[in-house]
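All residue numbers for the sequence shown refer to full-length UniProt numbering, where the first residue is 1 and numbers rise by one. Positions of the beta carbon are idealized from the N, C-alpha and C atoms, including for glycine. Every value quoted in this text rests on a predicted model; they were computed, and no experiment measured them.
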Amino acid sequence: MTEAPQILLNHQLKKLKLPTILQEYDKQARLCAAEGRDHVQFLARLIELELIDRERRMIERRIKAAKFPATKSLDSFDFTAIPSLNKMQVLELARCEWIS
């Protein structure tokens, strides 16, 4: 692709807010050319990648907007922060075997 149309295409894709297509069109064009795919299959791949990326970002935004509490586990707890805390006893109590 010559320089001027590529710059124009990049500008138009940014303006249309199609970031995945902007990132992937050159790579997908090479792949489709190597595999002997036609322009319809090339466009289908690009659109599919854009939709997948949009859905992923939408889910991330919704999770962030929901402000779910962070999942915490004892694996990530820093027992060295409280030296007097008995790690083995805490882990044993966390198994809840004492309930029965």
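{"Check": "Should residue 20 be labelled buried (16 or more other beta-carbon atoms within 10 Å of its own) or exposed?", "Outcome": "buried"}
{"Check": "Hey, could you find the ends of the alpha helix (DSSP H) residue 31 is sitting in?", "Outcome": "19 to 35"}
{"Check": "Please determine, among 72, 90, 44, 69, the residue with the shortest C-alpha to C-alpha distance to residue 79.", "Outcome": "90"}
{"Check": "For the region 48 to 66 against the region 12 to 32, do three or more pairs of beta-carbon atoms, one drawn from each stretch, fall closer than 8 Å, so that the two count as touching?", "Outcome": "yes"}
{"Check": "If you draw a straight line from the alpha carbon of residue 95 to that of residue 23, how long is it in whole angstroms?", "Outcome": "48 Å"}
{"Check": "If you follow the alpha helix (DSSP H) that residue 95 is part of, which residue opens it and which one closes it?", "Outcome": "No alpha helix (DSSP H) holds residue 95; DSSP gives it neither H nor E."}
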